[in-house]
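Number of protein chains: 2
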Amino acid sequence: MSHPFDDALALSRDAEGVYRGLAPQAYWNMVGPFGGTTAAALLRAALLEHDDAVEPVALTVNYCAPLVQGAYAITVRTARAGRSVRHVSLEMQQEGVIAATATAVLAARRDTFSHQAAQMPDVPAPEQVPASNVRGWLPWLQRYEFRFVRGEMRPQPQPYDTPRSAHSTLWIADTPPRALDHLSLAALCDVFFVRVFQVRGTLVPAGTVTMTVHFHGTTAELAEQGSAPVLGVVDAHTFTRNFGDQIAQLWSRNGRLLATTTQLTWFKE
Amino acid sequence: MSHPFDDALALSRDAEGVYRGLAPQAYWNMVGPFGGTTAAALLRAALLEHDDAVEPVALTVNYCAPLVQGAYAITVRTARAGRSVRHVSLEMQQEGVIAATATAVLAARRDTFSHQAAQMPDVPAPEQVPASNVRGWLPWLQRYEFRFVRGEMRPQPQPYDTPRSAHSTLWIADTPPRALDHLSLAALCDVFFVRVFQVRGTLVPAGTVTMTVHFHGTTAELAEQGSAPVLGVVDAHTFTRNFGDQIAQLWSRNGRLLATTTQLTWFKE
Chain A
1 MSHPFDDALA
11 LSRDAEGVYR
21 GLAPQAYWNM
31 VGPFGGTTAA
41 ALLRAALLEH
51 DDAVEPVALT
61 VNYCAPLVQG
71 AYAITVRTAR
81 AGRSVRHVSL
91 EMQQEGVIAA
101 TATAVLAARR
111 DTFSHQAAQM
121 PDVPAPEQVP
131 ASNVRGWLPW
141 LQRYEFRFVR
151 GEMRPQPQPY
161 DTPRSAHSTL
171 WIADTPPRAL
181 DHLSLAALCD
191 VFFVRVFQVR
201 GTLVPAGTVT
211 MTVHFHGTTA
221 ELAEQGSAPV
231 LGVVDAHTFT
241 RNFGDQIAQL
251 WSRNGRLLAT
261 TTQLTWFKE
Chain B
1001 MSHPFDDALA
1011 LSRDAEGVYR
1021 GLAPQAYWNM
1031 VGPFGGTTAA
1041 ALLRAALLEH
1051 DDAVEPVALT
1061 VNYCAPLVQG
1071 AYAITVRTAR
1081 AGRSVRHVSL
1091 EMQQEGVIAA
1101 TATAVLAARR
1111 DTFSHQAAQM
1121 PDVPAPEQVP
1131 ASNVRGWLPW
1141 LQRYEFRFVR
1151 GEMRPQPQPY
1161 DTPRSAHSTL
1171 WIADTPPRAL
1181 DHLSLAALCD
1191 VFFVRVFQVR
1201 GTLVPAGTVT
1211 MTVHFHGTTA
1221 ELAEQGSAPV
1231 LGVVDAHTFT
1241 RNFGDQIAQL
1251 WSRNGRLLAT
1261 TTQLTWFKE
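Shown next, in the form of structure tokens:
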């Protein structure tokens, strides 16, 4: 039986550089599917078009319009194919509407000077942290396991009198378990709840406008992680005039930085 | 007399959505012009195409190939024009080669809940910090004033035995002074020297592959800053297998977060 994440990313090649997929109902959010699967589907199209020894190093996805149920098409265009670095431009369309644009950088990585300046925070192992009960929640939330070490969002009847910290630290994993790869890592970069909810205590209309992921873990390093939970450390700098940011690190179980990500979220009121 | 930065961004409208400019010799770097002017020229083309009440909120620039001396063309395509948020895709070409791709998000921003969670570090005023002597350095370096509070790069004859901190804090300003706007702010996001130089102590072949800027300061807030120096706080998480990252905050003189930015830099050896 295939994993729902792989089903969600099923793409068929149509014409040269055009891939067709279906908006994944198993990952449905309030309006349209979870943005993480959209990001992963775009990245998958780039990798299908460049299926030699390159791996993803960067991805920016701009969420232009919500996907609706049904088919979409991804167009892949290679802007520049250098010897070791490739630049790819992507566009996801549905019924003539551009739902997302993206750019991806793929590279053939080689051994060089190596130094991880940042350190994973000291946290309890995932087995020691209870998983949030997501039964009956939105479909996409049921596709993940959330084990909050700090900063679990608890919606309040009224906004907090003074804004609270935007920080959360949590172990996150696919449900059911799935071996980590760059596609699931891209999706994991978007699992953090909108920081403005966290800071205000209440839900407001909000949505990710743009997300950037830098992949630091190589294919081999991601394979070492297997299906173990990834540690997410997320925070925000500011919320002002309809937009708030988010910045996060994703760590392997053994302290290797797998990805860093930042996004800008639109919110109302 | 016009400012060299404005000269560098001079664009003429050619056909619908096509703008022509010249690679700016006044901002020349080792190979091609400074990436900050490339980012600003792309953003300027997006703003010329959307000249109503929208302002930039996000920009991602992918550096595909170095610009050479001479003319370039920027193609602007609007992927999605919502009521308050616009998504723009850009491409810079020179003699049939794509030098850069970019995506920009522009928005009509309104008053909302506002909260700046991050705080500017406590540093001496710019007048109290000596400016680096850039006379005779590369042209682009002479277009900026650098006042290092911490972490000034001093190239060593040999790499450090153990990697040093990637952190720098510095006041930065255009030379000659120029009132801050989103264009110069975008360029300022790229003035930080490649972090791998800082960490290793020596120069190696390196270049920015992709840069993302989130603009938190509005047009009115940037105007308040005038031509005063901006505080840059820059660091990196990791360097591994040809790529290192960079993350930075740009602060107004009075402690307002104007922009956050992250980039991925390719390096050799």
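So the protein sequences, as listed, match chains A and B.
Residue numbers for the first sequence follow our numbering, so the first one is 1 and each next one is one higher.
Residue numbers for the second sequence follow our numbering, so the first one is 1001 and each next one is one higher.
For every residue, glycine included, the Cβ atom is placed at its ideal position computed from N, Cα and C.
Strand pairing of residue i, partner residues [DSSP]
{"i": "A/SER168", "result": "A/VAL234"}
{"i": "A/GLY207", "result": "A/TRP266"}
{"i": "A/GLN249", "result": "A/VAL233 and A/THR260"}
{"i": "A/LEU22", "result": "A/ALA71"}
{"i": "A/GLN119", "result": "Note: A/GLN119 sits in no beta bridge, so no partner."}
{"i": "A/SER12", "result": "A/ARG20"}
{"i": "A/HIS216", "result": "Answer is none; A/HIS216 lacks a bridge partner."}
{"i": "B/PHE1239", "result": "A/HIS115 and B/GLY1244"}
{"i": "A/TRP137", "result": "DSSP output for A/TRP137 lists no bridge partner at all."}
{"i": "B/ALA1173", "result": "B/GLU1145"}
N-terminal and C-terminal residue of the alpha helix (DSSP H) that residue i is part of
{"i": "B/GLU1145", "result": "It is not in any alpha helix (DSSP H) - B/GLU1145 instead sits in the beta strand (DSSP E) that spans 1144-1150."}
{"i": "B/ALA1228", "result": "Here B/ALA1228 belongs to no alpha helix (DSSP H), and DSSP marks it neither H nor E."}
{"i": "A/SER184", "result": "182-188"}
{"i": "A/GLN198", "result": "195-200"}
{"i": "B/PHE1005", "result": "1004-1008"}
{"i": "A/GLU49", "result": "35-49"}
N- and C-terminal bounds of the beta strand (DSSP E) containing residue i
{"i": "A/GLU55", "result": "55-63"}
{"i": "A/LEU271", "result": "Coverage of chain A is limited to positions 1 through 269, which leaves residue 271 of chain A absent and any answer about it impossible."}
{"i": "B/GLU1091", "result": "1085-1094"}
{"i": "A/ALA81", "result": "71-81"}
{"i": "A/ALA102", "result": "97-107"}
Rounded C-alpha distance that separates residue i from residue j
{"i": "B/PRO1121", "j": "A/VAL18", "result": "48 Å"}
{"i": "A/SER84", "j": "A/THR103", "result": "17 Å"}
{"i": "B/PRO1024", "j": "B/THR1038", "result": "9 Å"}
{"i": "B/HIS1167", "j": "A/ARG253", "result": "26 Å"}
{"i": "B/ASP1181", "j": "B/THR1219", "result": "7 Å"}
{"i": "A/ARG147", "j": "A/ALA118", "result": "22 Å"}
{"i": "A/PRO4", "j": "A/GLN249", "result": "25 Å"}
{"i": "A/GLY226", "j": "A/THR212", "result": "24 Å"}
{"i": "B/ARG1164", "j": "B/TRP1137", "result": "24 Å"}
{"i": "B/LEU1042", "j": "B/ILE1074", "result": "7 Å"}
{"i": "A/GLY217", "j": "A/VAL54", "result": "13 Å"}
{"i": "B/GLN1246", "j": "B/TYR1144", "result": "20 Å"}
{"i": "B/GLN1128", "j": "A/LEU183", "result": "49 Å"}
{"i": "A/GLN94", "j": "A/ALA71", "result": "7 Å"}
{"i": "B/TRP1171", "j": "B/ARG1110", "result": "30 Å"}
{"i": "B/ALA1186", "j": "B/VAL1123", "result": "23 Å"}
{"i": "A/GLU16", "j": "A/ASN62", "result": "23 Å"}
{"i": "A/THR260", "j": "A/PRO159", "result": "30 Å"}
{"i": "A/HIS50", "j": "A/TRP266", "result": "33 Å"}
{"i": "A/PRO234", "j": "B/ALA1173", "result": "It should be pointed out that residue 234 of chain A corresponds to Val in this sequence rather than to Pro. Cα-Cα distance, rounded: 31 Å."}
{"i": "B/GLU1224", "j": "B/ALA1125", "result": "17 Å"}
{"i": "A/ALA46", "j": "A/ARG80", "result": "13 Å"}
{"i": "A/ARG150", "j": "B/HIS1214", "result": "26 Å"}
{"i": "B/ASP1052", "j": "B/PRO1130", "result": "41 Å"}
{"i": "B/THR1175", "j": "B/PRO1229", "result": "10 Å"}
{"i": "A/VAL68", "j": "A/ASP161", "result": "37 Å"}
{"i": "B/SER1002", "j": "A/SER89", "result": "36 Å"}
{"i": "B/THR1112", "j": "A/LEU264", "result": "15 Å"}
{"i": "B/PRO1157", "j": "A/ALA108", "result": "30 Å"}
{"i": "B/ALA1026", "j": "A/SER12", "result": "49 Å"}
Cβ shell of residue i (< 8 Å), same chain only, five flanking positions each side left out
{"i": "A/PHE197", "result": "MET153, PRO155, LEU203, VAL204 and ALA206"}
{"i": "A/ILE98", "result": "CYS64, ALA65, GLU91 and MET92"}
{"i": "B/GLU1221", "result": "SER1252, ARG1256 and LEU1258"}
{"i": "A/ALA10", "result": "GLY21 and LEU22"}
6 Å Cβ shell around residue i - same chain, five flanking residues per side excluded
{"i": "A/CYS134", "result": "Sequence check: residue 134 of chain A is Val here, not Cys. Taken in chain order, the residues that qualify are LEU141 and GLN142."}
{"i": "B/PHE1193", "result": "MET1153"}
{"i": "A/LEU106", "result": "HIS50, VAL54, PRO56 and ARG86"}
{"i": "B/THR1210", "result": "ASN1062 and LEU1264"}
Sequence-distant residues of its chain with Cβ nearer than 7 Å to residue i (five each side left out)
{"i": "B/ALA1100", "result": "THR1038, LEU1042, VAL1061, ASN1062, TYR1063, CYS1064 and MET1092"}
{"i": "B/ASN1029", "result": "LEU1138 and TRP1140"}
{"i": "B/VAL1031", "result": "PRO1066"}
Any residues in the region 37-71 of chain A with a beta carbon nearer than 7 Å to a beta carbon of chain B? Which ones, in chain order?
Listed by position along the chain: VAL57, ALA58, THR60, ASN62, CYS64 and ALA65.
Residues within the region 1196-1214 of chain B neighbouring chain A, beta-carbon criterion of under 9 Å:
Taking 9 Å as the Cβ-Cβ cut-off, the region 1196-1214 of chain B approaches chain A at VAL1196, VAL1199, ARG1200, VAL1204, VAL1209, THR1210, THR1212 and HIS1214, given in chain order.
Against chain B: residues of the region 216-247 of chain A by CB proximity under 8 Å
Answer in chain order: HIS216, THR218, ASP235, ALA236, HIS237, THR238, PHE239, THR240, ARG241, ASN242, PHE243, ASP245 and ILE247.
To be precise: take each residue of the region 247-269 of chain A, compare its Cβ to all Cβ atoms of chain B, and keep it if any distance is under 8 Å. Which residues remain?
Those would be ILE247, GLN249, LEU257, THR260, THR262, LEU264, TRP266, PHE267, LYS268 and GLU269, in chain order.
Please list the residues of the region 1170-1181 of chain B that have a C-beta atom closer than 8 Å to any C-beta atom in chain A, keeping them in chain order.
none
Please list, in chain order, the residues of the region 113-128 of chain A that have any C-beta partner in chain B closer than 9 Å.
PHE113, SER114, HIS115, GLN116, ALA117 and ALA118
Using a Cβ-Cβ cutoff of 7 Å, what residues of the region 1071-1090 of chain B are near chain A? List them in chain order.
ALA1079, ARG1080, VAL1085, HIS1087 and SER1089
Mind listing which residues of the region 92-108 of chain A have their C-beta closer than 7 Å to chain B's C-betas, in chain order?
Closer than 7 Å at the C-beta level to chain B, one finds these residues of the region 92-108 of chain A: ILE98, THR101, THR103, VAL105 and ALA107.
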